[in-house]
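Novice: There's a structure below that I have some questions on.
Residue numbers (the numbering used here): 1 to 622.
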């Protein structure tokens, strides 16, 4: 994945540079990507980016400092600053004038590395949300950072799988906290600031911001709050449309994409817009997406679900994205923008409704019903949180010692998450935990996947939008009540299109609501028709997708050995057969088991002997 790779270390250690070059050669990027590099004794740096996502140069070198910057920033005061060299200068000047605090809280998705050449100190600062995953590995006298864990594998004395990381993947579908598949390699937190000094081998990491739920704004009416939310979102979109010539608009019946579509139609944007939906054509998402695009006058393309959607990109994604998530959402969320039905998409920018639901109060996992509003203990919050997300059994899959370590590790992560949050309303505490874990380690990978090929803009992650949304009163925030009110009052065109499984528009329609109520009561007497309608309206049939590709999974069962230890290969092979035969209902676990195995298998092959790795490196650098 594009991003930053760097190492700071004792310049007398001559073993680091070849390992660093070897790791860089494993980073997944294409010939059209740009690779910028800088090195001096004791410091190695690379920045990899797609030229349609970022404009270079991205590395600035002065007598005293080196700065590298990945991502995009949307500060109003810097709107006229040309991206690339000029913006790098502005960032470095801000650091020199105000210190590292000047690079925190910036509006956008970014990572910035600064190397002090004389003091031999390294700073890394990210956006608030940790939008671009980066990883760290500490070694005596050295710090190694990378946008992919495979780039750090060569610095390990030996490759060892982290039982807690693997258990998280197999039972949640993603890793928790800072864990990864590789023991000692850690995923960096959101809102991160890292400081490292090679001379003293001192390392510090802080999270400079967290979602400030419970800090209330002055009381105003619901209508005024809805108007303010609309105003913030419109400004956020306008900031990001600067110099955008063509928009690729994924649109479904959900609130987030319809909000982006409606705001775009209200803006003064005059460029080309191509809307698209994916999934089976009878699904609500495809039907409502098509209706929204038609209502707003946008050209629309439907991308049908291929029979092999569950496996089509599995091996490619496992290597490119370090097997950081299960494969069930690969085709739609992470690869559909490359579908040939869309034609030549070079020059397009994807307008994404990324994370809008959870930013604006989604209670998809029924936190408030389960927890109530009275403060709960750390243990109670952890139990609710783990129970909401842990839906795949791992009994018997790991050896006994690893099971104990994994369960203790998961419990420790939950405890560390919730101990500071006991005074918050439980819904706020659980939602903050969801951002820390699921949204950062799972959902955030969607825009990173897009930015392997195209620029993506994400107005819901605008700093002002988030500052506003985290201060909405609980009763209006919960279950997106104010969000829906904003759409109904200020985006009437998209509010008229039906929403979710109610089949009702967001705007008032009493007669239609009465008819729908009567029809639902009638259908309850015909269970076979209910099941048929459910299949017709489903976005994807994930279970059917696994079963249809059972041959693919069976042919690769042997790869599961690459996860041993801690995985018990015989038990894992039997679990795969049970999943494919339908004897265990959590069929999606098949798509969690295989990607890490494929990744580890490919990593072992890629590392190989040192002389083979040198040949791989020479052919990979662009």
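The beta-carbon is built from N, C-alpha and C at its ideal position, and this holds for glycine as well.
1) With residue 354 and residue 446 assumed to form a contact (beta carbons below 8 Å), what rounded beta-carbon distance in angstroms separates them?
2) Under 8 Å between the Cβ atoms of residue 310 and residue 549?
3) For residue 169, which three-state DSSP category applies?
4) Might you give, ordered along the chain, the residues of its own chain that have their beta carbon closer than 7 Å to the beta carbon of residue 405, omitting 5 neighbours on each side?
5) Would you say the stretch 438 to 455 touches the stretch 215 to 227, given that touching needs at least three Cβ pairs under 8 Å?
6) What's the call for residue 19, buried or exposed, on a 16-neighbour Cβ count within 10 Å?
7) Within the stretch 261 to 314, note down every full alpha helix (DSSP H) run reaching 4 residues or more, in order along the chain.
8) Determine the burial state of residue 169: buried for a count of at least 16 other Cβ atoms within 10 Å of its Cβ, exposed for fewer.
9) Exposed or buried, which one is residue 131 when buried takes at least 16 other CB atoms within 10 Å?
10) Would you decide whether residue 243 is buried or exposed? Buried here means 16 or more other CB atoms lie within 10 Å of its CB.
11) Of the residues 172, 118 and 554, which one's Cα is nearest the Cα of residue 325?
12) Tell me whether residue 694 is buried or exposed, calling it buried when 16 or more other Cβ atoms sit within 10 Å of its Cβ.
13) Measure the alpha-carbon distance for residue 175 versus residue 94 and round it to whole angstroms.
14) If you reduce the DSSP assignment to three classes, tell me which class residue 32 lands in.
15) Can the beta-carbon of residue 149 be found less than 8 Å from the beta-carbon of residue 188?
16) Counting C-beta neighbours from all protein chains within 10 Å, is the total for residue 604 16 or more, i.e. buried, or is it exposed?
17) Can you give me the C-alpha to C-alpha distance between residue 348 and residue 366, rounded to a whole angstrom?
18) Could you pull out every residue in the same chain whose Cβ sits closer than 7 Å to the Cβ of residue 573, ignoring the five residues on either side in sequence?
19) Three or more C-beta pairs closer than 8 Å, one from the stretch 96 to 106 and one from the stretch 35 to 45: is that the case here?
20) Since I believe residue 54 is in contact with residue 70 (beta carbons under 8 Å), could you give me their beta-carbon distance rounded to a whole number of angstroms?
21) Expressed to the nearest angstrom, what Euclidean distance is found between the alpha-carbon atoms of residue 183 and residue 384?
22) One question on the structure: do residue 274 and residue 260 come within less than 8 Å of each other, judged by their Cβ atoms?
23) Comparing C-alpha positions only, which one of 564, 294, 277 and 283 sits nearest to residue 301?
24) Select from 125, 138 and 124 the residue whose C-alpha is nearest the C-alpha of residue 10.
25) Helix, strand or coil, according to DSSP, for residue 426 in the structure here?
26) Judging by CA-CA distance, which residue of 401, 370, 478 and 281 is the nearest neighbour of residue 358?
27) Taking only the alpha-carbon atoms, compute the straight-line gap between residue 452 and residue 52 and give it to the nearest angstrom.
28) For the candidate residues 156, 565, 193 and 154, whose alpha-carbon lies nearest to that of residue 397?
29) Measure the alpha-carbon distance for residue 234 versus residue 263 and round it to whole angstroms.
30) From residue 505 to residue 292, what does the alpha carbon distance come to, in whole angstroms?
31) How is residue 88 classed by DSSP in three states: helix, strand or coil?
32) Quick check on DSSP: helix, strand or coil for residue 552?
33) Just how far apart, CA to CA, sit residue 13 and residue 147?
34) Look at residue 90 and residue 45 and say whether their C-beta atoms are less than 8 Å apart.
35) Measuring alpha carbon to alpha carbon, tell me which of 414, 296, 313 and 454 ends up nearest residue 344.
36) Would a C-beta distance cut-off of 8 Å place residue 4 and residue 68 closer than the cut-off?
Specialist: In brief:
1) Their Cβ separation, rounded to whole angstroms, is 6 Å, which keeps residue 354 and residue 446 in contact under 8 Å.
2) With respect to residue 549, residue 310 sits close: the two C-beta atoms are nearer than 8 Å.
3) In the structure shown, residue 169 sits in a helix (DSSP, three-state: H, G or I).
4) Contacts found: 163 and 164.
5) Note that the stretch 438 to 455 does not touch the stretch 215 to 227; fewer than 3 beta-carbon pairs, one per stretch, sit closer than 8 Å.
6) Counting Cβ neighbours within 10 Å, residue 19 comes out buried, since at least 16 surround it.
7) The stretch 261 to 314 contains these whole alpha helix (DSSP H) runs: 284 to 296.
8) Counting every other CB atom within 10 Å of its CB across the protein chains shown gives residue 169 a total of 16 or more, marking it as buried.
9) Taking all protein chains shown into account, residue 131 has 16 or more neighbouring C-beta atoms within 10 Å of its C-beta and is therefore buried.
10) Counting Cβ neighbours within 10 Å, residue 243 comes out exposed, since fewer than 16 surround it.
11) When only C-alpha atoms are compared, the closest one is 172.
12) Because residue 694 is not part of the residues shown, which for the chain are 1 to 622, the question remains open.
13) It is roughly 35 Å from the alpha-carbon of residue 175 to the alpha-carbon of residue 94.
14) Collapsing the DSSP output to three states places residue 32 in coil.
15) No, these two residues do not count as a Cβ contact at 8 Å.
16) In the assembly as shown, residue 604 is an exposed residue. Its beta-carbon has fewer than 16 other beta-carbons within 10 Å.
17) Roughly 37 Å separates the two Cα atoms.
18) Once the five neighbours on either side are set aside, the close Cβ partners of residue 573 are 557 and 560.
19) The answer is no - the stretch 35 to 45 does not touch the stretch 96 to 106, with fewer than three Cβ pairs under 8 Å.
20) Yes, residue 70 and residue 54 are in contact; Cβ-Cβ is about 7 Å, under 8 Å.
21) Residue 183 and residue 384 have their C-alpha atoms roughly 27 Å apart.
22) In this structure, residue 274 sits away from residue 260, with a CB-CB distance that is not shorter than 8 Å.
23) That would be 277, whose Cα lies nearest to the Cα of residue 301.
24) Selected option, being the one with the closest Cα: 138.
25) In the structure shown, residue 426 sits in a helix (DSSP, three-state: H, G or I).
26) Checking every option, the nearest Cα to that of residue 358 belongs to 478.
27) One C-alpha to the other measures close to 10 Å.
28) It is 565 whose Cα lies nearest to the Cα of residue 397.
29) Between residue 234 and residue 263, the C-alpha separation is close to 6 Å.
30) Linking residue 505 to residue 292 through their CA atoms gives a straight-line distance of about 12 Å.
31) DSSP places residue 88 in the helix class (H, G or I) of the three-state scheme.
32) Three-state DSSP puts residue 552 in a helix.
33) Taking the straight line from one Cα to the other gives about 23 Å.
34) It is not a contact, given that the beta carbons lie outside the stated cut-off.
35) Closest by C-alpha distance to residue 344, out of 414, 296, 313 and 454, is 454.
36) Their beta carbons are under 8 Å apart, which means residue 4 touches residue 68 by this criterion.
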